[in-house]
Ligand SMILES: *Cc1c(COP(=O)(O)O)cnc(C)c1O
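In the numbering used here, the protein residues as written are -18 to 220.
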């Protein structure tokens, strides 16, 4: 085994199985079909060899939060059927680079960014799947539009024909007890219900919410996409 990977294939398989069991438990508790919940394995800071190992174990969706790091990995590993998700902040000057390689952009948080993405997607002849990132708790340190501005922005962004709004995304505050962030997930769910009524040109099928410490609670509150890093790939040394 390559020492620098710090995780062998059996350990990785066990981590993935454990996360899948926990997803199934949370979904079944709510009478939901576990297959409705997409697992995005967050590989940021981890070597592409681990991505490849996870792919070989059946994982198809991978998330990265930094554009340059992601593009380097995607250039070296992007087999058929694999989907890369951009889950971190996107600067509009990098928008042209993300249209082709990513299946989903989770972090659209302004009309300006949406307009730039739309223009690039149109030029590249692709309809780009996006999620609107909402800063539900209003934390100054977090990206995302506020709950208050979301409906207005959603209406404007929905008019951009080269973008396909698939739903909403949030990053919950870091807390000791995941029960503390349940209201954050409930608020995103409620916003989605409202947008379903008010912006009917988009289908609002996805709620991307829940990470290693809180994905069970997120699924109980309606998450359709969970973004899980540490529980799959182990602790990160930095970031
Ligand atoms: C890092 C990251 C995750 C995964 O976090 P873990 O706690 O490792 O599961 C999910 N979403 C975003 C936006 C991230 O940056």
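Glycine residues also receive a C-beta, built at the ideal position from the N, C-alpha and C atoms.
Could you check the C-alpha separation between residue i and residue j for me, to the nearest Å?
i	j	result
residue 113	residue -14	34 Å
residue 43	residue 9	24 Å
residue 120	residue 52	29 Å
residue 159	residue 198	7 Å
residue 211	residue 4	15 Å
residue 131	residue 194	26 Å
residue 84	residue 124	21 Å
residue 38	residue 107	30 Å
residue 189	residue 87	8 Å
residue 128	residue 185	16 Å
residue 89	residue 174	19 Å
residue 151	residue 164	12 Å
residue -9	residue 218	21 Å
residue 75	residue 45	15 Å
residue 92	residue 116	15 Å
residue 11	residue 203	9 Å
residue -7	residue 31	9 Å
residue 58	residue 79	15 Å
residue 29	residue 215	14 Å
residue 0	residue 213	7 Å
residue 200	residue 35	22 Å
residue 47	residue 56	14 Å
residue 109	residue 103	9 Å
residue 111	residue 187	10 Å
residue 72	residue 167	29 Å
Buried or exposed for residue i, please, with buried defined as at least 16 other CB atoms from any protein chain shown within 10 angstroms of its CB.
i	result
residue 54	buried
residue 99	buried
residue 192	buried
residue 67	buried
residue -4	buried
residue 140	exposed
residue 27	buried
residue 156	exposed
residue 122	exposed
residue -18	The pLDDT assigned to residue -18 is 43, lower than 50, so where the model puts this residue is not dependable; a value taken from the coordinates is nonetheless given after this. Exposed: under 16 other Cβ atoms inside 10 Å.
residue 153	buried
residue 229	Shown here, the chain extends from -18 to 220; a query on residue 229 therefore has no answer.
residue 183	buried
residue 62	exposed
residue 7	buried
residue 95	buried
Please confirm whether any heavy atom of ligand 3 lies closer than 7 Å to the CB of residue i.
i	result
residue 116	Of the ligands one can find in the structure shown, namely ligand 1, none is ligand 3.
Problem - Ranges of the beta strand (DSSP E) found wholly within the region 84 to 159, counting only runs of at least 3 - result: 85 to 89, 109 to 114 and 144 to 150
Problem - Cβ contact (3+ pairs, closer than 8 Å) linking the region 174 to 189 and the region 134 to 148 - result: yes
Handout entry: beta strand (DSSP E) segments (min. 3 residues) lying fully within the region 31 to 91
Key = 42 to 45, 64 to 67 and 85 to 89
Handout entry: Segment contact flag, the region 20 to 31 with the region 203 to 216, C-beta cutoff 8 Å, min 3 pairs
Key = yes
Practice task
Identify every run of the beta strand (DSSP E) within the region 170 to 200, keeping only runs that are complete inside it and at least 3 residues long; order them along the chain.
Solution key: 187 to 189
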